[in-house]
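Let me begin by presenting the structure, written as structure tokens, before commenting on it.
Number of protein chains: 2
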Amino acid sequence: MAVYTEVSDEELEAFVAGYDIGRVLSCKGIAEGVENSNFALHTERGSYILTLYEKRVRESDLPFFLGLMRHLSANGLVCPLPILDRRGEALGRLAGRPAALVSFLEGLSVRRPNARHCGALGEALGRLHAAGRDFPMTRENALSVTGWRPLFEAAQAQADRVSPGLRERAAQALDALERHWPAGLPTGVIHADLFTDNVFFIGEAVSGLIDFYFACTDALAYDLSICLNAWCFEPDGSFNVTKGRAMIAGYERVRRLEPDEVEALPLLCRGSALRFMLTRLVDWLNVPPGALVKPKDPLEYDRKLSFHGKATSAFEYGLQR
Amino acid sequence: MAVYTEVSDEELEAFVAGYDIGRVLSCKGIAEGVENSNFALHTERGSYILTLYEKRVRESDLPFFLGLMRHLSANGLVCPLPILDRRGEALGRLAGRPAALVSFLEGLSVRRPNARHCGALGEALGRLHAAGRDFPMTRENALSVTGWRPLFEAAQAQADRVSPGLRERAAQALDALERHWPAGLPTGVIHADLFTDNVFFIGEAVSGLIDFYFACTDALAYDLSICLNAWCFEPDGSFNVTKGRAMIAGYERVRRLEPDEVEALPLLCRGSALRFMLTRLVDWLNVPPGALVKPKDPLEYDRKLSFHGKATSAFEYGLQR
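Protein chains in written order, with numbering that gives the first Met the number 0: chain A, 0 to 320; chain B, 0 to 320.
Encoded structure:
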């Protein structure tokens, strides 16, 4: 649940007057995104999302994120389209914060995706990678393999308080990943956070992808591994290979995995599971007393790590060749 | 900021299928109302607010609130219109809670109303009272004079911790109000909580009134006194008689105050100021540690009480005859 920056009616009307979108009709703070303040805005011209960037987003990254969403939209991907103001800028300021207006997307997040949702998501991910192919800007993935040891160091002393043996399991995975992390895979723009809450569906068709604030330049197949982790495990911790098969096949309808990506898939999955286990663990150990936000469970990803540690080939994830 | 009940996509789609409003297109939790969970819902048919009633609202009161909004809408007042489901019911259940769908109203709350806003609000209040005239249901005002002593008793021991002398000032006001509270004034449906966040404007015209969950049957002029308190004081604590004049004149364009209401106005204003001072004081003294919600300042209403204690006639509030 987001904490909102308050925006007065006067500030809002002055901000919107900088765009060619008519007068403000209504504006409501919405519970979407944990990093920023978001508002559903209606004007005489249509519906928009107004985002105020709070301090967890680096202001210097905003031109990358906003430029990327414009690029992807221009290349046919349905994602929020940043609206340009009368000066031609996508980034403005409101209530003392960097702010942007993007188009409103219809759709619902699914809480329990089925195999058809996974297939549609795989295809949407492929389209995202294709649409991002010639995006000229780059942004390093701060949460890839070189970023994991600092997270591990920050959390390891208390890891066994969360689950006995967690420190050792994380250490072993980290050692193996640092030694064997694949280099030279096809890279490009990745979303890097395509969990179910960032994908909208109408029925079983993807109606849009949102929240590009972890997007960066990295191995394309790493993005697929994040989605396999986020979408294809069951609540009991087992990997659902039917969902994995649907997702990989959906992806390959748009972009066929290359042999080195196929070979690297188990390691990539293990890496992305470690990445989310570690960031969740750090958040878990740093919940302020009395906080209303319940942090996400790091042990969900500890269980996924154990699956990936034993997997030996992409076929175990549902690749069919 | 509201704490939201989570609603899954499956539950939501099943709930909406009970209405003749087409398929769900999107649904976002919004930061509106502190008592309930609210969602901005788009369907193929239009925009709605979906409300899940949390435990602070008594379920047995819901037929009064929903019936009232339907009655007021039918009589031309712009307020949320509860949508009937296929069985003809306005009240349903979703995620284990009583739930209702109402029409979406455009408009913005003003943070700093000017005299024209106050005039428009006064007129809207008059229209609300006129539209409610023949509403057949009644609901007692639990927060009128007989409800204040229990609040005072709950807070008095700690009142001076909040401001020296506050206990004595509240006790004196309460004694005077209990002795002299007017009886026999014209009564009807009152909103009883028409603060600026419950009034939408487009430009300087009222576009709708919302949040009828304190509505009850009480003296109509008491409702006006609540608005005078909420809208016509300046941040420095002074009463702005230009705003009061605009509000009362606006109200009287629709419904002229009767002589006994005119006479009672200072006492009614003092009473409503005490009511909000006491409920705020109780909330202030009962903030759970670590809460993110900052309670509203009871001392704002302590200062207003002191103005009303000295006022001797409705002319000091801007009545012009």
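All C-beta atoms in this analysis are idealised placements derived from N, C-alpha and C, irrespective of residue type, glycine included.
All of these numbers come straight from a predicted model, not from anything done at the bench.
Just tell me which of Cys78/A, Leu318/A, Glu122/A, Ser312/A has its CA closest to the CA of Glu203/A.
-> Glu122/A
Out of curiosity, what's the CA-to-CA distance linking Glu315/B and Val240/B?
-> 7 Å
Where Asp235/B and Thr42/A are concerned, what is the direct C-alpha to C-alpha distance, given to the nearest angstrom?
-> 34 Å
Give a yes or no on whether the minimum CB-CB distance between Cys226/B and chain A is below 9 Å.
-> no
Based on Cα-Cα distance, which residue from Ala156/A, Leu176/A, Ser59/A lies nearest to Glu139/A?
-> Ser59/A
Only counting runs of 4 or more residues, tell me where the alpha helix (DSSP H) segments fall wholly within the region 81 to 145 of chain A, in order along the chain.
-> 114 to 130
Closer than 9 Å to chain A by CB, Arg55/B | no
Gly106/B: contacting residues in chain A (beta-carbon distance under 8 Å) = Leu24, Ser25
So what does DSSP say about Cys226/A, is it helix, strand or coil?
-> helix
Skipping 5 residues on each side, what residues in its chain have a beta carbon closer than 8 Å to that of Arg115/B?
-> Glu203, Ala245
Per DSSP, the bridge partner or partners of Cys231/A | Paired residues: none, contrary to the question.
Where are the beta strand (DSSP E) runs, 3 residues long or more, that stay fully inside the region 237 to 305 of chain A, in chain order?
-> none
In the region 157 to 232 of chain B, which residue ranges form an unbroken alpha helix (DSSP H) of at least 4 residues, counting only runs that do not cross its ends?
-> 165 to 179, 219 to 230
Note down, in chain order, each residue of its chain lying with its Cβ closer than 7 Å to the Cβ of Leu219/A, except the 5 sequence neighbours on either side.
-> His128, Pro185, Thr186, Gly187, Ile189
Asp19/B burial status per 10 Å Cβ neighbour count (16 or more: buried) | exposed
Measuring only between beta-carbons, confirm whether Ile336/A sits less than 9 Å from chain B.
-> For chain A, the structure presents residues 0 to 320; residue 336/A sits outside this window and is missing.
Contacts around Pro112/B, its chain only, beta-carbon distance under 8 Å, and the 5 residues preceding and following it disregarded = Leu120, Thr195, Trp230, Lys242
Anyone know if the C-beta pair for Ala154/B and Val281/B falls short of 9 Å?
-> yes
Integer-rounded CB distance, given that Ala272/B should sit under 8 Å from Leu304/B = 5 Å
Assuming Glu167/B contacts Val144/B under a Cβ cut-off of 8 Å, what Cβ separation, rounded to an integer in Å, is found between them?
-> Between Val144/B and Glu167/B the Cβ distance is about 19 Å, and since that is not below 8 Å, they are no contact.
As assigned by DSSP and simplified to three states, the class of Val15/A = helix
If I'm right that Asp301/B touches Leu165/B with Cβ under 8 Å, what's the distance once you round it to whole angstroms?
-> 6 Å
Answer with buried or exposed for Glu31/B, where buried requires no fewer than 16 other C-beta atoms within 10 angstroms of its C-beta.
-> buried
Boundaries (first-last residue) of the alpha helix (DSSP H) holding Leu61/A | 61 to 73
Between the Cα of Glu53/A and the Cα atoms of Phe38/A, Thr278/A, Pro97/A, Leu65/A, which residue gives the shortest distance?
-> Pro97/A
Taking Cβ-Cβ distances below 8 Å as the criterion, which residues of the region 113 to 138 of chain B are in contact with chain A?
-> none
Between Gly207/A and the rest of its own chain, which residues show a CB-CB distance below 7 Å, the 5 nearest in sequence each way excluded?
-> Val77, Cys78, Leu104, Gly106, Phe199
Measure the Cβ-Cβ separation of Gly340/A and Ile29/B and say whether it is below 9 Å.
-> No answer is possible for residue 340/A: the residues shown for chain A start at 0 and end at 320.
Of the residues Val15/B, Pro287/B, Pro294/B, the one placed nearest Thr278/B, counting alpha carbons only = Pro294/B
Along the beta strand (DSSP E) that carries Gly28/B, what are the first and last residues, could you check?
-> 23 to 29
Beta carbon proximity, Gly96/A to chain B, threshold 9 Å | The amino acid at residue 96/A is misidentified as Gly; the sequence shows Arg. By this cut-off, Arg96/A is not an interface position.
Distance CB(Ser224/A)-CB(Leu267/A) smaller than 9 Å = yes
Would a check of beta-carbon distances place Ile201/B closer than 9 Å to chain A?
-> yes
Below 9 Å between beta carbons: does that hold for Gly146/B and Arg274/B?
-> yes
Anything in the region 250 to 278 of chain B with a Cβ closer than 7 Å to a Cβ of chain A? List those residues in chain order, please.
-> none
Measure from the alpha carbon of Ala170/B to the alpha carbon of each residue in Met276/B, His70/B, Gly91/B, then state which is nearest.
-> Met276/B
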